[in-house]
Amino acid sequence: AQTVTQSQPEMSVQEAETVTLSCTYDTSENNYYLFWYKQPPSRQMILVIRQEAYKQQNATENRFSVNFQKAAKSFSLKISDSQLGDTAMYFCAFMKLGYAGGTSYGKLTFGQGTILTVHP
Amino acid sequence: DAGVTQSPTHLIKTRGQHVTLRCSPISGHKSVSWYQQVLGQGPQFIFQYYEKEERGRGNFPDRFSARQFPNYSSELNVNALLLGDSALYLCASSLVQLAGAPYEQYFGPGTRLTVT
Chain A
64 AQTVTQSQPE
74 MSVQEAETVT
84 LSCTYDTSEN
94 NYYLFWYKQP
104 PSRQMILVIR
114 QEAYKQQNAT
124 ENRFSVNFQK
134 AAKSFSLKIS
144 DSQLGDTAMY
154 FCAFMKLGYA
164 GGTSYGKLTF
174 GQGTILTVHP
Chain B
175 DAGVTQSPTH
185 LIKTRGQHVT
195 LRCSPISGHK
205 SVSWYQQVLG
215 QGPQFIFQYY
225 EKEERGRGNF
235 PDRFSARQFP
245 NYSSELNVNA
255 LLLGDSALYL
265 CASSLVQLAG
275 APYEQYFGPG
285 TRLTVT
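Going line by line, the protein sequences match chains A and B. In my numbering, each number is its position in the first sequence, counted from 1, plus 63. In my numbering, each number is its position in the second sequence, counted from 1, plus 174.
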């Protein structure tokens, strides 16, 4: 079974600064996908960024980037130029693809989450 | 386009009762997944459905069941409710890939279930 660990229950950062959220995972799989999700106080879970394990290049999405270290099974999220709207719970998640009936499917395994607060 | 919708928003039940939660996926999405999120923790996978068939099941007791309808909406049923079933239940929908990389799962706002 896969496990995802986020060792930082809470983090805080000043507006416009950079913050890095940590995530480690444990799996025996070689082909998998990693995600960071954001869950603001309104509860709607939103995908921030994704990384395919077979890709060596780190994913970036505007102010969000990841540091993917496959051998170390580490997947950290860097938020640059933090904004007040970034305040949320952030979840790291792992997905291994399965196949059934000619289609692929995948379940997400989430970490415990990190509460990020951006201060003005 | 409307996102994933879930009903009801909040629900209070008594131990031993039964509950049905409903989810409507984004138009065109044929796969629906259910997750349980206990307060302060990350979501845990319960079920995934595609074309009315169960494609995956998490480590939950048989009291939990689900189904998907021809219009791809879904219901999650929980029987003999326990206090520990109190949680936010999230539904996520996605397109279906015949092979290769998964499509993004889009989450609904969730149903907050309180068992007293």
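The beta carbon of each residue, even a glycine, is placed where N, CA and C say it ideally should be. A quick note: this is a predicted structure, and the numbers were derived from the prediction, not measured.
Contact between the region 171-181 of chain A and the region 221-231 of chain B (3+ Cβ pairs under 8 Å): no
Is the beta carbon of Val-67/A less than 7 Å from the beta carbon of Phe-157/A? On the first sequence, position 4 is the one that residue 67/A refers to. On the first sequence, position 94 is the one that residue 157/A refers to. Cβ distance < 7 Å, so Val-67/A and Phe-157/A count as in contact.
For Gly-258/B, name the three-state secondary structure that DSSP assigns. Residue 258/B sits at position 84 when you count from the first residue of the second sequence. It is helical.
Between the beta-carbon of Gln-102/A and the beta-carbon of Pro-283/B, is there less than 7 Å? Here residue 102/A refers to the residue found at position 39 when the first sequence is read from its first residue. Here residue 283/B refers to the residue found at position 109 when the second sequence is read from its first residue. Cβ atoms of Gln-102/A and Pro-283/B: not closer than 7 Å.
Does Phe-131/A have its Cβ less than 7 Å from a Cβ in chain B? Mapped onto the first sequence, residue 131/A falls at position 68. Phe-131/A does not count as touching chain B.
Report the CB separation of Arg-196/B from Gln-218/B in whole angstroms; it is logged as a contact under 8 Å. In the second sequence, residue 196/B corresponds to position 22, counting from 1. In the second sequence, residue 218/B corresponds to position 44, counting from 1. Not a contact, Cβ separation roughly 20 Å.
Who pairs with Glu-225/B in a beta bridge, going by DSSP? For the purposes of this step, residue 225/B is taken as the residue at position 51 of the second sequence. Its beta-bridge partners do not exist; DSSP assigns none.
For Arg-237/B, which residues of its own chain have a beta-carbon under 7 Å away from its beta-carbon, when the five flanking residues on both sides are left out? Taking the first residue of the second sequence as 1, we reach residue 237/B at position 63. Cβ neighbours of Arg-237/B beyond the five flanking positions: Val-252, Asn-253, Ala-254.
Compare the Cα-Cα distances from Thr-288/B to each of Ser-267/B, Gly-258/B, Glu-278/B and report the closest residue. Indexing the second sequence from 1 puts residue 288/B at position 114. For the residues Ser-267/B, Gly-258/B, Glu-278/B, the minimum Cα distance to Thr-288/B belongs to Gly-258/B.
Pick out whichever of Ser-198/B, Leu-213/B, Gln-215/B, Gly-216/B has its Cα sitting closest to the Cα of Tyr-223/B. Start at 1 with the first residue of the second sequence, and residue 223/B comes out as number 49. The candidate whose alpha carbon is nearest that of Tyr-223/B is Ser-198/B.
Who are the neighbours of Gly-284/B on chain A, taking C-beta pairs under 7 Å? Stepping through the second sequence from its first residue, residue 284/B is reached at position 110. Those within 7 Å of Gly-284/B in chain A are Arg-106.
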